[in-house]
Amino acid sequence: MKNVPGTSGLIMNEPLLWEKGKKGRKGMSIPAADVPQVEMVSTLKGAGPDFPDLSEVDIVRHYTRLSQWNFGVDTGMYPLGSCTMKYNPKTNEKQAATPAIGAAHPMLDDEYVQGTLKIMYDLQQYLQAITGMPAATLQPSAGAQGELTGMLIFDAYHRSKGSKRTKILIPDTAHGTNPASAALCGYKPVPVASNADGVLDVESVAALMDEETAGIMVTNPNTLGLFESNIRAVAEIVHAKGGLVYGDGANMNAIMGIVDISKCGVDVMHLNLHKTFSTPHGGGGPGAGPVCVVEKLKKFLPVPHVLKEGETYRLDWNNPDSIGRVHGYHGNYGVLVRAYSYILSMGAANLKKASQLAVLNANYIKEKLRKALHLPYDQPCMHECVFSDAKQHELKVSTLDIAKRLIDYGYHPPTIYFPLVVPGAIMIEPTETECKEDIDQFIETILLILEEAKTNPELLHSAPVRTKLKRLDETLAARKPCLCG
Amino acid sequence: MKNVPGTSGLIMNEPLLWEKGKKGRKGMSIPAADVPQVEMVSTLKGAGPDFPDLSEVDIVRHYTRLSQWNFGVDTGMYPLGSCTMKYNPKTNEKQAATPAIGAAHPMLDDEYVQGTLKIMYDLQQYLQAITGMPAATLQPSAGAQGELTGMLIFDAYHRSKGSKRTKILIPDTAHGTNPASAALCGYKPVPVASNADGVLDVESVAALMDEETAGIMVTNPNTLGLFESNIRAVAEIVHAKGGLVYGDGANMNAIMGIVDISKCGVDVMHLNLHKTFSTPHGGGGPGAGPVCVVEKLKKFLPVPHVLKEGETYRLDWNNPDSIGRVHGYHGNYGVLVRAYSYILSMGAANLKKASQLAVLNANYIKEKLRKALHLPYDQPCMHECVFSDAKQHELKVSTLDIAKRLIDYGYHPPTIYFPLVVPGAIMIEPTETECKEDIDQFIETILLILEEAKTNPELLHSAPVRTKLKRLDETLAARKPCLCG
Amino acid sequence: MRYLPHTQEEIAEMLAEVGKESLNDLFSTIPDDCRMEGDIDLPPSMTEWELDAHMAQIGASMRVTPQHKVLVGAGSYHHYIPEMIRALASRSEFLTAYTPYQPEMAQGTLQGIYEYQTLTARLLGMDVANASIYDGGAALAEALLMGLRINKKCKKVAVSKGIHPHHRQVVRTYLQATDFEIVELPLGEDGRTDLASLAEYSDLAAVALQSPNFLGVIEDLQAAGEKIHETGALFVTSFTEPLAFGLLKNPGECGADIVCGEGQSMGLARSFGGPGLGMFACKDKFTRNMPGRLVGETVDKDGKRGFVLTLATREQHIRREKATSNICSNQGICAMMAGMFMATLGGTGLRELAQLNHSKAEYLKSELRKAGAEIVFDSPTFNEFLVRFPSDFKPVYKQLFDNGIVAGIEVGRYYPQYKGCYLFCATETVGKGDIDAVVQEVRR
Amino acid sequence: MRYLPHTQEEIAEMLAEVGKESLNDLFSTIPDDCRMEGDIDLPPSMTEWELDAHMAQIGASMRVTPQHKVLVGAGSYHHYIPEMIRALASRSEFLTAYTPYQPEMAQGTLQGIYEYQTLTARLLGMDVANASIYDGGAALAEALLMGLRINKKCKKVAVSKGIHPHHRQVVRTYLQATDFEIVELPLGEDGRTDLASLAEYSDLAAVALQSPNFLGVIEDLQAAGEKIHETGALFVTSFTEPLAFGLLKNPGECGADIVCGEGQSMGLARSFGGPGLGMFACKDKFTRNMPGRLVGETVDKDGKRGFVLTLATREQHIRREKATSNICSNQGICAMMAGMFMATLGGTGLRELAQLNHSKAEYLKSELRKAGAEIVFDSPTFNEFLVRFPSDFKPVYKQLFDNGIVAGIEVGRYYPQYKGCYLFCATETVGKGDIDAVVQEVRR
Ligand SMILES: Cc1ncc(COP(=O)(O)O)c(C=O)c1O
Ligand SMILES: Cc1ncc(COP(=O)(O)O)c(C=O)c1O
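Chains as they are written, first to last, in the numbering used here: chain B, 34 to 518; chain R, 34 to 518; chain W, 4 to 447; chain X, 4 to 447.
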C-alpha cells in the first residue's frame, strides 16, 4: 500500500559498547599535565572502573547506528495521548546552548548571573499570565515532581491552619503519578468515579469530601480529553470543607488563552513544559514541571524564589513558610530556556491558536474514526480523543495489535490501555503541529488496519515486521531481569 | 548471518517537496517591514517562482526522512578507493562555524579580517611543510580545479619561456579529471602505458616526451595504490625536454611525513583537503584542491595571494605573471578551516602515523583477500589495493554484483571499474580510521559474498534487497532523462 | 506562524467535518465563568532573528562569561565536553522521542540507556543502576525513602552534614509531610563525618554520607560502612563528583547498599544547575525496591537480543499509590549523554582525567598554602578543598573576578563555623597559569 | 590520538599478517631519495580544547564582528538562515557521504539534489539545472565554454563589465590558455550594459550579462536578449543575488539560453566567500552540452520511483578529455542547503523576502539622497546601488565601522571611473535604525 509512510530499508546492527573497543584506544583528548602529578592516598585509591576504550569514530558510529533504531517527532507523527508530542523547534535548542547560559555556574552571587535570573523571572511571569495564577515556581523537574510540590504545599497549608489531613480525592481517570505523588506525602488517595459522560459529578465529590480530606487532584482537560465542566462547583465543595484543589496541567495544550485556571477554582497547578511548551522529551526526559499557585499559597513555594527589584533580579532565600527545595539548584534550567524561547516565539495569539488547532485536529480524528472504533465517551473532545478496541474483540484483535501494526506503517502508536476507565483504551493526541494531509493519512492508515483486522488479523498479531526487531518479550524481561551487562 | 552490520529496519517514505505543502503555509519567519514598501518597476516585475509552501515541521521531517536513505562514514565503513573516506571529526565542523568566521565578508579591507587571513597564511605554510614544496595557493575549489590551475601554470610557464606546447603525457591509470583538466587548457593528452608492475617505465616516458609536450601528470601513489618508484627518473626525462611534472596529490594520505614531494621532481601538485585532510564530502562536495608549486612557478600562482608582513597579513593583488583567479573569492574557505583544524589537531607525528596506518590497513586487506580475489598487480601497496572480478567470471558474477551485495551487508562498496587498466576493478581504500575489528569484519563479509557467488549467485544478482529501493535502472534514466520535476 | 501548519481553507474544511462554525465553537463544553477574558498578557511574538538577538543580549548581560575560569565546584563542575557528544545527543531520533513505551521503535534509546545503566553500575561498583532520577538532590531523597521501605520498622534516617546542603534540603522537603525523622551527623575537625552519635540510634533505616563530601573531603567510606551496618541501617553513599571514582575506591567496594548522586560531571554543561542527572544504583537484592525506570535485556519473537523497560510493577503507572516512586519522566537524554561521555573517556581516559583533576587541585592547594592560606582540613581531597585566608578574601575575589577568574565560593551560608572560608575546585580546565594568577593575587 | 584506533598490539598482529617487521617496512617501494628527512615542520598537536581556545582567539582578532551590520553585498550577502537548516544539513548521513555513485544507498542525497535542481530551474525559469558548479565565477566560465561548444565555429565571447569583476577574472583565467577571445561590453551612463558595440561582432558564441549587475542595476534582459540573439550568439545571464528573482522576471522569461550565478544567498553563510554555490541552468536542447552532474528520475527493479546520477557520458570519468567539463566534486551539501532554504521560504516567503529587501534598499537610497549623496544610476535596482558622496567618505566609513556598521565598499579598484563611489546593500537583516544611523553620520 503506497500511501503509508512506513517502509523498510537498510540500517545497521551494532553491538553493546563493551563488545567493541580495545584497551588503550582513545576517544577523548585529555590535556597534558602542566603540574606535578600527585598520587592519591593509597588506602583510598581504587582500580578504576572496567570501561571499554573506544576511538572517536567508534563512538560516533555506535550512537549514529543506535539513533537509526529510534523514532522521534522529527521522524513522523507521534500521536501519543497525554504526551503532547508537538514539534520541538530547532531554535530552542540553539538558545538553550547560548554559551553564557551553558557555562553559568548555579552557585554564584546574583550580581554575576543577572541574565539567567531574568529568564527565570520572565518565564514565571509568562506562565502566570498563561494560567491566570498569581505566583509560580520553576523548580520541579517534571510533572510528577510538580505534583509532589503541590501536595507538599497542600500539607503545609493545612498545617498552617493547624490541621493535618490524611486523604485526597483523585478521579479514576487520573494519571498514575497523581496517586503516587499524593502517597509520597502521606495522603491516602480516595478514588472518585467519573460519571457516564466521563467527567466529575458534583454529587460524587460532595459525597466523599470531608474534613480529613486535604482536597482533590483534577486533571483538566482530563485524560479522556474532556473538559471537567463542573470544575467550579467541585472546587466550591472542596473549598467549603477547607480543602484545596490541585490541577494537573499536563493537558494545558488544549486551553491556552481560552481558560483562566484561577477562575476554575484551582489553587495549585503544574505545567509540563515538555508537553505544552514544545521542549523535546529526549527519550524520557528531562522535563520541567513548574507549579503555579493562588495568592494565599505563594508563601509555601520552594526557595530560592527569584524576584525583580527595580532593574535587578535576585534570589530570595528566606521564606520561613516555604516547603523548601525540590531541586539542588533551579530545576531543569536548560528546559526552562527552551520553553521561554517557545513562548517568546509564539506570543499570545499563536498560543491560543495552537490550542484551537490541537482541539480541531483531535475532534477531526474523532469524527473520522468514530464509525470504525468504539467511542466510549461521545463528547466534544479537547486535545485528544479516546477510543477502545471493543468493536475488534470479536475479531480477536486487541489495542496492542492495532498499535503494533501502526508501527509497520510508520506511526508511533497512540497511548494504549490508559486511561484505565476505558478497557483497551486507544488515546490519540495529534497536537496542533500535524497538518491536515498528515492527519488524513493517519486516519486512512487506521482504517486500513481495521480492515486488515477483518480480512487478515494475523498481520496485526505478528506486527511489527518492518522494524529491526519484532515484538519483544516483556514478560521474559521481568521474569529474569537482566539490567546490567 | 549475525556478524554483518547490515540489516533492515523501519524507515519512512517521503514524497517530493512539491507533492507536499499548502499555499500560505509558513516555513521561515520573515521580519516585519519597518520601512515603507516600495514597488518594483512593473516592466521588470515577475510573478515569482512556483515553490511549494511548507511549515517548519514539514521541512524537518522531509530532510530527516531523506537522510535515513543515505549512508555516510558515520554510518559505517566506506572503503571507496581513491576517495579517502576517513572519519570527519566533529570539532572541525564546530571550528568552521566560529561566528566571526561564518560572518566574515570576503570583500572587506585586510585590516578588518586579520583572523581569516591568518588561517589562510598558516594553512599555506602547513601544506608546504607537508609536501616539501615552497609555495601554495588555496583557491582551487576541488581536485579537478587544482589540476586546471596546475595546467594553466604549465601553460604560463611555457609561454614565459616563449614556447607554446600542445601535448601532455598522462598515464593510463590516471583519474578522468586529469585528461579533462589538461584538455580544458588545450593540451592533447598522450596516454602512457604503465608497465607490468603497474607503474611508469622510464623508457615509455622517454619514448613519448618531446619539445611539443608540456610535461606529465602523475598520480603518486597512483590509482593502483602503487608508489611510482621511477618518479625521479621520469621527472629528469621530462625536465630534460623542458617539460614540467604535475603531481596529482589525491592520494597523499599514503605518504604524509614519509615522502618529500619536492624531492620527487614534482613541480606542481594539488591536494584534496576533502580526502587527506578529513573534511566531509557532503554527498559530493564542497571540496578544496590547494596547489603547491616549486619556487620557479610561484609567480604564476593565482591572485590574490596572502602574505605575512611582520605580524600583519595582507592580500597581494598585483602579480603580473599570475594566471589570475580560479575562484570568486578565496576558495571554499569553510573547507580550509576544517583542514586547518585537522592539521592542528594531528600534528606532525600523527599525520605520519595516519599514513602508516592507512597503508597498513590496505596491505592487510590485500593479504587477506588475495586468495579469493584476483590481484592484477601483486605489489606492496600504499593506501589502497586493487582487485578484479576475474576469478568470478566463470560464476557469471561481476564486480557490480559483489558491490551491490556489500550494500545488503552494510558496507559502502569500494570504487568499481576504476582504474580502467584493470577490467572489473575493485579498488579498496580502508583509510586509517578503520579499526582492526571492523576491517576483519569487512574481510569476512567479502569472503562470505564470494562464497555466495559460488553457492547462490542469484543473491548477488538481485542485490541489494535490504535497501529501501532495489537496483535502479540507470539506462532508463539516461535514455529518457527526467531531470526536473 | 511557522509551527502552525493549518491554512484558512484547511481549518474551514476540518470545521465542516466536525460540524462547527468556528474554532471557538470547539470549546462549547467550557463554562463561560472558566474562560479567560481578553488575550494572554505576553510580549509580542518574536521572529527567529529577534529571538537570537534577544538571547544574545541576555548572554551579554552575564557578568560571569564563558571565558571566566571558574574555580568552583560545590556540586556543579566545569569539565571539557567533546563536540562529538553534542552532535550525537542532538540526533533528533534520540532527542524528539518520548519514553520508550514502544520498544520496537525505541531500541536506540533502550540500548543506550541499558549501556548507561551498566557503565554507571561499573563506575559505582554496584549491581544495578536505574535509568536516572531528576538530580542529585532527588536521588538522595529517593535513596532514603527506599531505605525506609526496606527497613519498614524504622522511621528515622541519618544524613551527614558533609552532604551538599541543597541535597539535604531536598531530603527535608521530601520527608517533611510524612512522619519520618531526619538526624544530621556533624563533621569532625578533619572534615569527615563524625559517626560517634550513631551509637545513640537503634532505629535508623539508612545512613547517608557523601564522598568526596561538600567540603571536598574524601570520607573513609569503608570504616563508615562497617559502623553503619553495625546499627542495622542501610549504608547510602552519595556524590556530586563521580569523576573521583576514576581514582578512588568505588562505593560498592566500601560496602554501600545504595549509591546515588549528581552526574552533571559526566558530559553535561553546568547550565545554571540543570538539567543534571540523578545517578542511582543499588545491590541486586534491593532492585525491586528501587525507584525509577529500568531497562532490561530480552529477546524478540525471533529470539534476537533487544531491550525493554522492565519491572514496571514498581512504577506509578501500574502500581499507582503503591509505587516505589512517583517519578515518570526522568533525565532521559542526559543519561544518554553521560553514557556517551563515559564511553568516550573509556577506562583509561577516566583514570587519566581523574588523576589530572587531583594533581591540579593539589597544586592549587600547595601553592595557596605557600602563599599563607590555611587549608582547613588535612584529610585527603580529590579536586575540591576548603581554604581559610589570613585576611578578608572578598577584595581579592572581586579583583580576580575582574581578571576573569572565579576564586571559589564562600561557605558561611551553609557552614556558619566556616564563615569566611572559601571552597575551591580545580579541574582539568584550569591551567597552571590560572592557578599561579590566583596565588599571586592572594600574595598581594 | 582519538582519530587513530590502532593499538600497539593490533599494529603488531597486522604487521605479522603482511609479513613486515615495522610500519616503516611498509614503504619499501619508496626510493630513499624521495623520502622526507626528519619530521614535518608543524606546530605541536592541539587537544580539542586547545583548538577551541585557538579558534576563539582567531575569531576575537577579527575587527569585523558577527554583531556588525554589514551593508555590503558585492556578491556575498547577509541573509538570515534558519537554525533548522544548520541542524538538517549537519545530519551526518548527508554530510559524511561521498558523491552518490551507489544510488541504492544514497537516495537521500539524490532526491535532495533532484529537488534542488527542480527548484533552481523554477527560480530561474529554465528547463534544466545541474547539481552545481563550484561558485559563481566558475559557473560563468563553464557557461561561456558551453556556449563555445555549442557554437563551435565561433571563438569569441562577450561579457558585460556589469558582471562581478572577480567572475570576469575567473573567465579570463579559464579561457587564457586556449585561443578563445573575450570582449568586454562597457556600461552605459545608466549603469546598464551598452550593447551598441555588439553589431561589430559577427562571430560571438555567447554574450553574458549579470542582472542585477555588480553595481546593483537591473539589466533590461528582455531587450538585451533580443539584441544578442540577433547576432546569433547564445544569451547567457548570470547573477549573484538569486533572491531578486522572487520579485523580478526570471531570466528564462527574458529569453536566456544559459543561466548561471552565485547561490550563496540561498541559505549559505558568507564564510569569507566560501563555500558558495555555482547555480547553473539551461534550456532543454542544450542539456547534453551541460557541464557538471545531473540527477535524474528512474525506477528500481520493482518499478518504484528513485533517483540516480545520469547523462554521465558528458562527464570526465567516462568521457575523459572529451568531457563537457573537468568538474568532479562539486558543492554537494551547499546545493542541499540551498534546496532546504528555497523549500523553507516557499513561493510566498520568497516573494515577501525579496520585496522586503527591495524596500529596505530603496529606503536607504532615498534617505542617502536626502542627505545630499548622489545615487549614481537612476536605473532600477534590487537591494544594492552605487553612491557618490559630495566629500571624502573614508572618515565617515571609519566612524561608522567603529559604531558597528560597515557602510558599503569603495569600487575604484574595479571601476576607476567610479573611484570614490561606494556600493551599498541593504537586506532584511538591516533595520531602519541602522539605516538612519548611517544617514545621520553622513549628514555630519
Ligand atoms: C496527565 C498527566 N499527569 C502527569 C504526568 C507526569 O508528568 P511527568 O512525566 O513530567 O512527570 C503525565 C505524563 O505522562 C500526564 O500525562
Ligand atoms: C586520483 C584523483 N584525482 C583527482 C580527483 C578529482 O578530485 P575532485 O573530485 O576533488 O575534483 C580524484 C577524486 O576522485 C581522484 O581520485
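Glycine is no exception: its CB is placed at the ideal position from the N, C-alpha and C atoms.
Among the residues of its own chain, which have a CB less than 7 Å from the CB of residue i, if the five just before and after it don't count?
i, result
"B/F310", "A372, Y375 and I376"
"W/R322", "T316"
Spatial neighbours of residue i within its chain, please: C-beta separation below 8 Å, excluding the five flanking residues on both sides.
i, result
"R/E485", "R438, L492 and L493"
With a CB to CB cut of under 6 Å and the five nearest residues on each side skipped, what residues in its chain are close to residue i?
i, result
"B/M34", "At B/M34, the pLDDT of 45 sits below 50, so the modelled position is not reliable; the number obtained from the coordinates is stated separately. Excluding residues within five positions, none has a Cβ falling inside 6 Å."
"B/E507", "none"
Would you identify the three-state DSSP class for residue i, choosing helix, strand or coil?
i, result
"X/K72", "strand"
"W/Y425", "strand"
"R/Y120", "coil"
"W/E355", "helix"
"W/E51", "helix"
"R/M34", "Because the pLDDT of R/M34 is 45, which lies under 50, any placement of that residue in the model is unreliable, and the number read from its coordinates should be weighed accordingly. Residue state, collapsed to three classes: coil."
"W/L314", "coil"
"X/F490", "Not covered by the structure: residue 490 of chain X. The range shown for chain X is 4 to 447."
"B/T312", "coil"
"W/L29", "helix"
"B/D422", "coil"
"B/Q70", "coil"
"R/A80", "coil"
Alpha carbon to alpha carbon, what distance is there between residue j and residue i?
i, j, result
"B/A247", "B/S295", "19 Å"
"R/Q147", "B/M110", "49 Å"
"B/A14", "B/P319", "Not covered by the structure: residue 14 of chain B. The range shown for chain B is 34 to 518."
"B/R512", "W/N133", "17 Å"
"X/H71", "X/K368", "20 Å"
"X/R89", "W/L207", "56 Å"
Can you tell me the Cβ-Cβ gap for residue i and residue j, rounded? I've got them flagged as a contact below 8 Å.
i, j, result
"X/I408", "X/V441", "6 Å"
"B/S378", "W/M49", "6 Å"
"X/L426", "X/A338", "So it is not a contact: roughly 28 Å between Cβ atoms."
message = If we require 4 or more residues per run, which alpha helix (DSSP H) segments fall completely within the region 216-268 of chain X?
response = Secondary structure remark: continuous alpha helix (DSSP H) runs of at least 4 residues inside the region 216-268 of chain X, in chain order: 224-233.
Review point. Counting only runs that start and end within the region 112-186 of chain B, where is the beta strand (DSSP E) found for 3 or more residues in a row?
Key: Runs of beta strand (DSSP E) with 3 or more residues, each lying fully within the region 112-186 of chain B, are found at 168-170, listed in chain order.
For this session: Could you tell me which uninterrupted alpha helix (DSSP H) segments, each at least 4 residues in length, are contained entirely in the region 119-193 of chain W, listed from first to last along the chain?
Result: Counting only runs of 4 or more, we get 139-153 and 168-179.
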